[in-house]
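So the structure is just underneath, and the comments pick up after that.
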Amino acid sequence: MGPHHPSTHGVFRMDVKLDGETVVDLKPVFGYLHRNHEKLAEDMSYLASMPFTDRLDYFNSMTNNWAYALAAEQLVEIEVPERAEYLRVIMAELTRLVNHVSLVGFFVNDLGALGTPLLYAFREREKILDLFEQASGARMMCNYFRFGGLRCDVPEGWLDRAREVTDRFPKFLDEYEQLLCENEIILSRTQGIGKLSRELAISAGITGPMLRASGVAYDLRKVDKYGIYDRFKFRVPYGEEGDCYDRFMVRMLEMRESIQILKQALADIPEGDIMGKAPRVFKPKPAEVYGRIEGPKGELGFYLIADGTPKPYRYRVRPPSLINLTVLRDMCLGQKIADAVVILGSIDIVLGEVDR
Amino acid sequence: MSEISHEPLLKEFSDAHWDEAACAVIVPEGKARAVAEWLLEQGVDYCSNVTGVDYLESEVKEKINNEAGEEETVTRTEPGRIDVVYHLYSMRDQTGPLVIKQRTSRENAQVESLTPLWRSCELQEREVFDLFGVDFKGHPDQRRILMWDEFEGHPMRKDFVEPFDYEWEPTPHDEILEKHKKGKVIV
Amino acid sequence: MVEGSADLEMTTQNISPGMDLDDKTRAELERAGVIVTRVDFLYNWSRSNSVWPLTFGLACCAIEMIASATSRFDMSRFGSEVFRPTPRQADLMIVSGTVTKKMAPQVVRIYNQMPEPKWIIAMGACAISGGPFKQGYNVLKGIDRYLPVDVYLPGCPPRPEAVLQSLNYLQNKINDQDIKADPAFTKGRRQYPVPEFTGTDLEPPYNPEVWSPPENPNGEPVVPPKKTAA
Chain A
1 MGPHHPSTHG VFRMDVKLDG ETVVDLKPVF GYLHRNHEKL AEDMSYLASM PFTDRLDYFN
61 SMTNNWAYAL AAEQLVEIEV PERAEYLRVI MAELTRLVNH VSLVGFFVND LGALGTPLLY
121 AFREREKILD LFEQASGARM MCNYFRFGGL RCDVPEGWLD RAREVTDRFP KFLDEYEQLL
181 CENEIILSRT QGIGKLSREL AISAGITGPM LRASGVAYDL RKVDKYGIYD RFKFRVPYGE
241 EGDCYDRFMV RMLEMRESIQ ILKQALADIP EGDIMGKAPR VFKPKPAEVY GRIEGPKGEL
301 GFYLIADGTP KPYRYRVRPP SLINLTVLRD MCLGQKIADA VVILGSIDIV LGEVDR
Chain B
1001 MSEISHEPLL KEFSDAHWDE AACAVIVPEG KARAVAEWLL EQGVDYCSNV TGVDYLESEV
1061 KEKINNEAGE EETVTRTEPG RIDVVYHLYS MRDQTGPLVI KQRTSRENAQ VESLTPLWRS
1121 CELQEREVFD LFGVDFKGHP DQRRILMWDE FEGHPMRKDF VEPFDYEWEP TPHDEILEKH
1181 KKGKVIV
Chain C
2001 MVEGSADLEM TTQNISPGMD LDDKTRAELE RAGVIVTRVD FLYNWSRSNS VWPLTFGLAC
2061 CAIEMIASAT SRFDMSRFGS EVFRPTPRQA DLMIVSGTVT KKMAPQVVRI YNQMPEPKWI
2121 IAMGACAISG GPFKQGYNVL KGIDRYLPVD VYLPGCPPRP EAVLQSLNYL QNKINDQDIK
2181 ADPAFTKGRR QYPVPEFTGT DLEPPYNPEV WSPPENPNGE PVVPPKKTAA
């Protein structure tokens, strides 16, 4: 199957061995979008890599920016101003909404509901992308974060518009849940399909909603408390079975929690600077850092080795999508071929990140 | 979140040593599996990140005290090496990170695979094999992952030469013009 | 028909084989409810308004391509309704995103499978030239090295509006096609050689039929360096 396959998420190939319709062996094949991100980044200054991080996981450019900024801020200690921290949280949670909403659309698309749910999802996505565009100037590749803050403040009236979008979003979620969550076809196609046990999930380094669907309430927003996440009240939804339905539902519930965070952040956001005192020439002392955040797809980490020059000596992205694919084979064995597509959809991969 | 202390590890394995600059434990050759097993027992159940780092042969200037007790600057050649870096966390105790490194030479790069202990290493070690050319002993399925199978060389190594792509800078200047004058390839 | 019948009699006499009507006469005829047209025009008109793109996403741009088909931008307003998953039923390939060297043979293969007439839109900086990833060792520096591109759509990624505009350009291009001279009709199905993997690069590195290496400032074509014996 693949690399050009209508239901795969990008150019991803699976060598599937079948017995009738049952999967007996499966080997994922990667590398069709290997764009040498790491090699390129080692040949340019720290800040110049920032736009490239947008293109890693092209749904979530804001969180990618944040992870990279977080790692780089560890290299030279920069204080991030209050307002910037709040805006970062707002952007990250909006990104999470964008990601989950498109994922759910694609996932239902994989189930065979061609079109309609995806159109609904993209309708909501456009509203959030408008916000991104007003703030950063670009719909998808925002390139909005800087070491020590943000590139520019949000325009006047942006916060009100963000509040409006946030207030309206639950209505859409209600509609969506009504449409999908108790749909008989979705239940029978996803429940008990592609089970992932708790032990295997931990051992295989699965992160993000997929891990939580397997019953481990491990959320870096709670564990690491990076940024200012310790100031917000939110719950971490987790599943029990670890099947496709749980993964789907965890994401639906996470969107509601994101809205909770957004509401709190939009209510408390202070006035002030958005850029900390960052050195003009970013030339850190030799050090090794690893910065990670809870991206919408899982733990997104950046491992940087500085050697005292303006270029990183080693630049490594820990891609959640790639590592979540480790268990694809385990989950698909013994299932039907049509379910393999559903399982792949429920993992939520983006090839820009898998292959980098 | 609190860091995992490296001291018990150093106590248990006396030949492992702590690299202060990198904040990492350098695991002695051939003992990585044992160290990993011990760590797993301690509840370090989550291996987040695996990657390689290539160090070319370099000349290091350092100050030493010679026999007469005087300070002297000596240039010595640091041999090239490849580090395989593991970032470990504990999901059980919600602690971390602990960084361990396996060191190997560039010419005959070979380390122990930790995939049997942490499944998350599987694809990442394959990636390190592909891009750095490190042979992982005991890896269940060691193939190229990102490049095609026929590919020769390991692109993430610092001395990798990129293929000629018929590229031309439309307005060559500075460094690139210099290179062109010298007749070097411009990519 | 009643009003314009006199005009009709007058103009039909003017039509001789191989001669086209001028626009004014045609407009008058249309007002009279008679459409006089050329096969070319009718053929191109129907083709340009029923472009069937291939569902073929490579990278970031694919998301914008999908967005341009969804409700806000709604590509189907411009006559490009159905995204086809199989190349056998599609006639427009939107190369949306970075073409890596590992992917290039598959792209060419898919193109070869498409029936004539077929067009290509190179969407995004990466598909045009490699874009921001140009220096990468695994990135193909533009899909036009292997395939003939009809419309170049710059941007990283291009906005959905730009996708719509590129579709309009393509439609204009289709409308101008001469069906007697167009290679799509004279040569049969165009098929291009599929590059193969070698130890370092693709072989051949480009298709001389559609692309030739650029010239350096001295006016010489850029050639690969001679291999020195190791």
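Residue numbers (the numbering used here), protein chains in the order written: chain A, 1 to 356; chain B, 1001 to 1187; chain C, 2001 to 2230. In this text, a Cβ means the ideal position worked out from N, Cα and C, and glycines have one as well.
The criterion of a C-beta distance shorter than 7 Å is satisfied by Val80(A) and Gly149(A). For Trp2211(C), no alpha helix (DSSP H) run applies, since DSSP gives it neither H nor E. Between His34(A) and Leu1146(B) a beta carbon distance of about 4 Å is seen, short of the 8 Å cut, so the two are scored as contacting. Contact with chain A is found for Arg1119(B), since one of that chain's Cβ atoms lies less than 7 Å from the residue's Cβ. With its beta carbon less than 7 Å from one in chain C, Val11(A) belongs to the interface. At least one beta carbon of chain A lies nearer than 7 Å to the beta carbon of Asp1045(B). Per the DSSP secondary-structure output, Trp1018(B) pairs in a beta bridge with Val1025(B). According to the DSSP assignment, Ala287(A) belongs to the beta strand (DSSP E) that extends over 287 to 295. Among the residues of the stretch 2140 to 2163 of chain C, those with a Cβ less than 7 Å away from any Cβ of chain B are Lys2141, in the order of the chain. Linking Glu1071(B) to Thr309(A) through their CA atoms gives a straight-line distance of about 27 Å.
Scanning Pro2213(C), Pro2195(C), Pro2214(C) for the CA closest to the CA of Thr2100(C) turns up Pro2195(C).
Cys332(A): member of the alpha helix (DSSP H) spanning 328 to 332, first to last residue. Cys2126(C) carries a helical assignment under DSSP once its states are collapsed to helix, strand and coil.
DSSP, reduced to helix, strand and coil, places Asn1065(B) within a strand of the structure shown. Taken atom to atom, the span from the alpha-carbon of Arg125(A) to that of Val1035(B) is near 47 Å. For Lys39(A), the C-beta contacts it makes with chain C under 8 Å involve Gly2136, Tyr2137, in order along the chain.
DSSP places Tyr1089(B) in the strand class (E or B) of the three-state scheme.
A direct Cα-to-Cα measurement between Gln335(A) and Ile343(A) gives close to 10 Å. Counting C-beta pairs with one atom in each stretch, the stretch 2019 to 2039 of chain C and the stretch 2137 to 2149 of chain C have fewer than three that are closer than 8 Å, which means they do not touch. The C-beta of Gly2199(C) comes closer than 7 Å to at least one C-beta of chain B. In the structure shown, Ile2063(C) adopts helical secondary structure according to DSSP, grouped into three states. Lys277(A) counts as exposed, since fewer than 16 other beta carbons sit within 10 angstroms of its beta carbon.
Pairing Tyr245(A) with Gly215(A) gives a Cβ-Cβ distance that is not under 7 Å.
Excluding the 5 residues flanking it on each side, Tyr1046(B) has same chain C-beta neighbours closer than 8 Å at Leu1088, Tyr1089, Ser1090, Met1091, Gly1096, Trp1118, Ser1120, in chain order. Using a Cβ-Cβ cut-off of 7 Å, Pro2204(C) does not count as an interface residue toward chain B, since no Cβ of chain B sits closer than that to its own. The stretch 2136 to 2221 of chain C contains, as complete alpha helix (DSSP H) runs of 4+ residues, the segments 2160 to 2175, 2183 to 2186 (chain order). Residue environment for Glu73(A): buried (at least 16 other C-beta atoms within 10 angstroms of its C-beta). Assigned with DSSP and collapsed to three states, Met252(A) falls in helix. Under DSSP, Ile2121(C) takes part in a beta bridge, and its partners are Ile2094(C), Val2151(C).
Within the same chain, Trp2052, Pro2053, Leu2054, Thr2055, Ala2090 come within 8 Å of Arg2084(C) by CB-CB distance, once the 5 residues on both sides are set aside. Met14(A) and Tyr86(A) have their C-alpha atoms some 41 Å from each other.
Contacts between Tyr218(A) and chain C, judged by CB atoms closer than 8 Å, are missing: the closest CB pair is about 29 Å apart.
The three-state secondary structure of Met44(A), taken from DSSP, is coil. Neighbours of Ile2035(C) in chain A, taken as residues at a C-beta separation under 8 Å, are lacking, since the least C-beta distance is about 35 Å.
The continuous stretches of alpha helix (DSSP H) do not include Cys142(A), and DSSP gives it neither H nor E.
If you draw a 10 Å sphere on the C-beta of Val1060(B), you find fewer than 16 other C-beta atoms in it, and that means exposed.
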